[in-house]
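Following: one structure in structure tokens, then a few remarks.
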Amino acid sequence: MKPTLEIAERDLESLDAIWSGGLGEAWEAYRDHHPDGRVVLAAALVETGVQLQGLGAHIAPPGELLLGDLCLARASRLLADAGDRDLQVAFARAVETVAAEAATGEAVSPIRDLLRSALAK
Amino acid sequence: MITGRRLDIATTRATEFIDVTPRLQAEVERSRMSNGRLFVQSLHTTMGLLVNENEPLLLGDFESLLERVAPGGGVYLHDDFSRRAAVPDDEPANGHAHCRQVFLSPALTVLVEDGRLLLGRWQAVFAVELDGPRQRTLALQLDGEFAGAAARRDLVELELARQLAVDPEAVQVPMRRLVEAGGKRVRPLLVTLGSRLGPRADALRTATLAAAVELIHAATLVHDDYVDESPTRRGQPTVAAQEGAGRAIAVGDYYFAKATRVIAELGDAAVTSTIAEAMEAICRAEVDDVALRGSYPGDHGSYLQVVRGKTAALMAAACVSGAQLAGAAPPAVDRLRRYGELLGTAFQMADDVVDYSETSGKPAGQDIRQRTLSLPLIYAHEDHEVGPQIRDLLNGELNDADVSRVAELVKSSGALARVGEEARGLARAAVHALEGVELNGAAAGFDELAHSAVDRVS
Chain A
1 MKPTLEIAER DLESLDAIWS GGLGEAWEAY RDHHPDGRVV LAAALVETGV
51 QLQGLGAHIA PPGELLLGDL CLARASRLLA DAGDRDLQVA FARAVETVAA
101 EAATGEAVSP IRDLLRSALA K
Chain B
1 MITGRRLDIA TTRATEFIDV TPRLQAEVER SRMSNGRLFV QSLHTTMGLL
51 VNENEPLLLG DFESLLERVA PGGGVYLHDD FSRRAAVPDD EPANGHAHCR
101 QVFLSPALTV LVEDGRLLLG RWQAVFAVEL DGPRQRTLAL QLDGEFAGAA
151 ARRDLVELEL ARQLAVDPEA VQVPMRRLVE AGGKRVRPLL VTLGSRLGPR
201 ADALRTATLA AAVELIHAAT LVHDDYVDES PTRRGQPTVA AQEGAGRAIA
251 VGDYYFAKAT RVIAELGDAA VTSTIAEAME AICRAEVDDV ALRGSYPGDH
301 GSYLQVVRGK TAALMAAACV SGAQLAGAAP PAVDRLRRYG ELLGTAFQMA
351 DDVVDYSETS GKPAGQDIRQ RTLSLPLIYA HEDHEVGPQI RDLLNGELND
401 ADVSRVAELV KSSGALARVG EEARGLARAA VHALEGVELN GAAAGFDELA
451 HSAVDRVS
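Top to bottom, those sequences are chains A and B.
Using our numbering, the first residue of the first sequence is number 1, and each one after it goes up by one.
Using our numbering, the first residue of the second sequence is number 1, and each one after it goes up by one.
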């Protein structure tokens with residue numbers, strides 16, 4: 001069930017369709033790892049964005065690429081709203097890592113591990 | 001560096017010698033060009049240009065000379081409308097004016113040294129009205145060295161190169177190829193200009209922010225080119241065309257993330273928020289843009305909705321973040337935001353017009369082929385004469401001949417001139433938005449950028 005009490009309406013704008021397609025599950029996977037709902041949603045959005053874009057797995061069709069971009073951008077804005085500079089940097093480094101691995105054809109690190117590691121610091 | 005602009009002149013008499021020397025000098029000063037050439041071109045067949053002495057009796061002699069050469073009451077084949085095809089209803093009998101123009105120049109060059117027009121003691125530059133009174137326009141191009149701009153640009157270029165140099169080759173090489181292929185660097189310039197409004201402007205931190213903003217822009221281009229299936233960008237194969245879609249997606253993601261990190265590491269929460277909000281606006285508009293292609297070519301409202309996100313948001317954020325990083329006062333920041341929004345919209349409209357020129361650097365008619373929202377096409381589509389033909393063509397699969405035909409119809413509809421005028425109006429409004437703001441010597445830069453954004457050929 002979508003936790004409407006903890007996620008602002010505008011933070012899911014244009015992304016409702018992917019809630020049941022993986023974003024909701026990702027949110028559940030992070031919800032116990034940080035007390036700020038914006039940070040939890042940011043982590044879920046980064047994970048979902050990377051998966052939508054198929055980094056290291058498949059070539060995303062244009063529509064999924066753009067939705068993935070929106071997920072990543074919204075995550076960045078949520079972290080800015082939360083005012084957590086260290087997490088902003090750490091999440092960006094996680095995306096840099098998997099993107100560089102995908103570009104070089106290496107096995108892509110599990111994004112969930114990278115993000116949970118960042119949340120644990 | 002070349003920059004362009006327009007000089008509007010309202011003439012008041014049938015034949016009139018307008019000394020435009022002071023206005024040309026003002027344009028040179030506004031551009032801050034120190035040394036180079038000023039090209040002036042009349043955009044009319046009954047207005048010429050002349051360099052001579054501004055002495056009233058001599059000007060009377062010139063007028064008499066033109067009258068003798070081609071008398072106003074003479075007989076001209078051009079005035080026999082019964083023998084001409086497609087004569088507009090408002091066509092004047094002005095064969096004499098066209099014949100007089102033969103003896104004048106449609107364009108001229110004036111050298112500029114130390115910021116001054118290089119003219120002899122008695123020389124003045126005249127625009128010569130031959131069929132007035134009318135609203136006239138002179139096109140200007142300034143080609144040369146511009147004070148101050150070079151040093152700031154060099155610092156941003158160095159910072160861009162430095163930021164790219166440390167990245168893995170798989171992402172660095174394609175991005176460096178794109179960045180080094182050119183680009184106008186409008187967003188870094190906006191960051192730099194914005195920083196002039198604050199008391200804590202730091203050249204290195206500003207250059208870091210400016211380079212990161214340019215990387216965000218470049219990353220959007222990499223993803224756009226994949227989505228639009230564009231073969232070339234800046235005269236070179238796109239990252240997707242050269243490296244494949246998978247690599248293009250990864251390169252775009254890498255630089256979105258890296259730019260976000262570099263900006264966050266600057267440690268200014270307001271700047272981080274400004275850029276993050278702009279990135280979200282861009283991505284939301286990209287999604288909207290693709291969705292709106294179902295109702296292609298769309299309307300003015302949907303066009304503005306997409307352009308405000310895709311282009312104007314980052315330009316506004318560039319202005320604002322530069323000012324915020326330098327500690328500018330919130331009221332000035334708000335005005336800068338307005339300037340950037342208007343400039344970005346004007347810039348995109350001008351870009352749409354350039355898409356119909358041979359000098360765009362992109363394949364001709366690319367916007368039409370890719371069904372990208374484009375204001376000239378929207379206006380032409382609404383035109384009662386060419387609109388039905390355009391609708392018929394757009395309803396089917398577009399081959400090369402169809403794309404060329406649509407482009408011809410758009411050109412013939414007057415839509416390009418209409419969009420150009422709308423863009424110039426927005427550029428003027430952008431400059432107006434900064435009136436009363438203490439710009440600390442950046443006024444000429446903002447002014448110049450607004451004009452060059454809309455008066456360009458590529």
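No residue lacks a Cβ here, since even glycine has one placed at the ideal position from N, Cα and C.
Between which residues of its own chain and proline 174/B is the CB-CB distance below 6 Å, once the five residues before and five after are set aside? So the qualifying residues of the chain are Val239, Glu243 and Val251.
When the cut-off is 7 Å and only beta carbons count, does arginine 31/A lie next to chain B? Cβ-Cβ to chain B under 7 Å: no for arginine 31/A.
Closest by C-alpha distance to arginine 293/B, when choosing among Pro331/B, Ser374/B, Val354/B and Val213/B: Of Pro331/B, Ser374/B, Val354/B and Val213/B, the smallest CA-CA separation from arginine 293/B is found for Ser374/B.
Interface partners of glutamate 96/A on chain B, CB under 8 Å: What glutamate 96/A touches in chain B, judged by beta-carbon distance under 8 Å, is Tyr254, Ala257, Lys258 and Arg261, going in chain order.
Does the beta carbon of threonine 109/B come closer than 7 Å to any beta carbon on chain C? As a matter of chain content, chain C is missing from the structure shown, whose protein chains are A and B.
If you follow the beta strand (DSSP E) that asparagine 35/B is part of, which residue opens it and which one closes it? Segment 33-42, the beta strand (DSSP E) holding asparagine 35/B.
Are any of the Cβ atoms in chain A nearer than 7 Å to that of valine 353/B? Chain A contact via Cβ: absent.
Between Tyr296/B, Ala212/B, Arg134/B and Gln172/B, which lies nearest to asparagine 395/B when the distance is taken from Cα to Cα? Asparagine 395/B has its Cα closest to that of Tyr296/B, out of Tyr296/B, Ala212/B, Arg134/B and Gln172/B.
For asparagine 17/B and leucine 140/B, which I take to be in contact (beta-carbon distance under 8 Å), what is that distance rounded to the nearest angstrom? Sequence check: residue 17/B is phenylalanine here, not asparagine. Not confirmed; about 19 Å, so no contact.
Does the region 419-435 of chain B come into contact with the region 444-455 of chain B, if we say contact requires no fewer than three beta-carbon pairs (one atom in each stretch) closer than 8 Å? Yes, since at least three Cβ pairs between the region 419-435 of chain B and the region 444-455 of chain B fall closer than 8 Å, the two stretches touch.
Asparagine 399/B - containing beta strand (DSSP E), residue span: Counting along the chain, asparagine 399/B falls outside any beta strand (DSSP E), and DSSP gives it neither H nor E.
Excluding five sequence neighbours on each side, which residues of the same chain lie with their C-beta closer than 7 Å to the C-beta of aspartate 299/B? Excluding residues within five positions, the ones whose Cβ falls inside 7 Å are Ile378.
Under a CB-based cut-off of 7 Å, is glutamate 280/B close to chain A? Yes, contact with chain A.
Give me the Cα-Cα distance between leucine 155/B and glycine 198/B, rounded to the nearest whole angstrom. Looking at the backbone, the Cα of leucine 155/B and that of glycine 198/B are separated by about 19 Å.
So, using beta-carbon positions, are glycine 36/B and valine 125/B closer together than 7 Å? Against a cut-off of 7 Å, the Cβ pair of valine 125/B and glycine 36/B comes out as no contact.
CB contact below 7 Å: serine 321/B versus chain A: Not closer than 7 Å to any Cβ of chain A, the Cβ of serine 321/B fails to qualify, so no.
Contact between the region 259-266 of chain B and the region 32-49 of chain A (3+ Cβ pairs under 8 Å): In short, these stretches do not touch, since the Cβ pair count stays below three.
Can you name the residues of chain A whose CB is closer than 8 Å to the CB of histidine 223/B? Contact annotation for histidine 223/B against chain A: Leu65, Leu66 and Asp69 [CB-CB distance below 8 Å, chain order].
List the residues of chain B whose Cβ lies closer than 9 Å to the Cβ of leucine 55/A, in chain order. In chain order: Gly246, Ile249, Ala250 and Asp253.
Check whether the Cβ of serine 109/A lies closer than 7 Å to any Cβ atom in chain B. So, not an interface residue.
Glutamate 129/B versus proline 88/B - alpha carbon distance: Looking at the backbone, the Cα of glutamate 129/B and that of proline 88/B are separated by about 21 Å.
Spell out whether any CB of chain A is found under 7 Å from the CB atom of serine 82/B. With respect to chain A, the C-beta atom of serine 82/B has no partner C-beta closer than 7 Å.
Do we get a CB-CB distance below 7 Å when we pair threonine 4/A with the residues of chain B? Low local confidence applies: a pLDDT of 43 at threonine 4/A is under 50, so the model's placement there is unreliable, and no value is given.
Classify phenylalanine 146/B as helix, strand or coil using the three-state DSSP reduction. Correct three-state label for phenylalanine 146/B: strand.
Distance between beta carbons of leucine 398/B and arginine 369/B, contact taken as under 8 Å: Indeed they touch by this definition, with Cβ atoms about 6 Å apart.
Return the chain-ordered list of same chain residues with a C-beta closer than 8 Å to the C-beta of glycine 344/B, the five sequence neighbours on each side being excluded. The answer, listed in chain order, is Val307, Arg308, Thr311, Ala312, Ala313, Leu314, Met315 and Ala316.
Might you give, ordered along the chain, the residues of its own chain that have their beta carbon closer than 7 Å to the beta carbon of tyrosine 356/B, omitting 5 neighbours on each side? Excluding residues within five positions, the ones whose Cβ falls inside 7 Å are Pro376, Ala407, Val410, Lys411 and Leu416.
Just reading off the alpha helix (DSSP H) that threonine 11/B is part of, what are its end residues? It is not in any alpha helix (DSSP H) - threonine 11/B carries neither H nor E in the DSSP assignment.
At the 7 Å Cβ level, is threonine 272/B part of the contact set with chain A, yes or no? Yes, its Cβ sits closer than 7 Å to a Cβ of chain A.
Output yes or no for whether 7 Å exceeds the beta carbon distance between alanine 211/B and leucine 160/B. Less than 7 Å divides the Cβ of alanine 211/B from the Cβ of leucine 160/B.
By the three-class DSSP mapping on this structure, what secondary structure does leucine 50/B have? The DSSP-derived three-state label of leucine 50/B is strand.
What is the rounded straight-line gap between the Cα of arginine 177/B and the Cα of glutamate 385/B? Roughly 44 Å between the two C-alpha positions.
Using a C-beta cutoff of 7 Å, does isoleucine 59/A count as contacting chain B? It does: the Cβ of isoleucine 59/A has a partner Cβ on chain B nearer than 7 Å.
Mind checking if alanine 92/A is an interface residue toward chain B, Cβ cutoff 7 Å exclusive? Yes, alanine 92/A counts as interfacial toward chain B.
With a 10 Å radius around its C-beta and 16 neighbouring C-beta atoms as the bar for buried, classify valine 166/B as buried or exposed. Burial call: exposed.
By alpha-carbon positions, which one of Leu209/B, Gln366/B and Gln135/B ends up nearest to threonine 12/B? Of Leu209/B, Gln366/B and Gln135/B, the residue nearest in Cα terms is Gln135/B.
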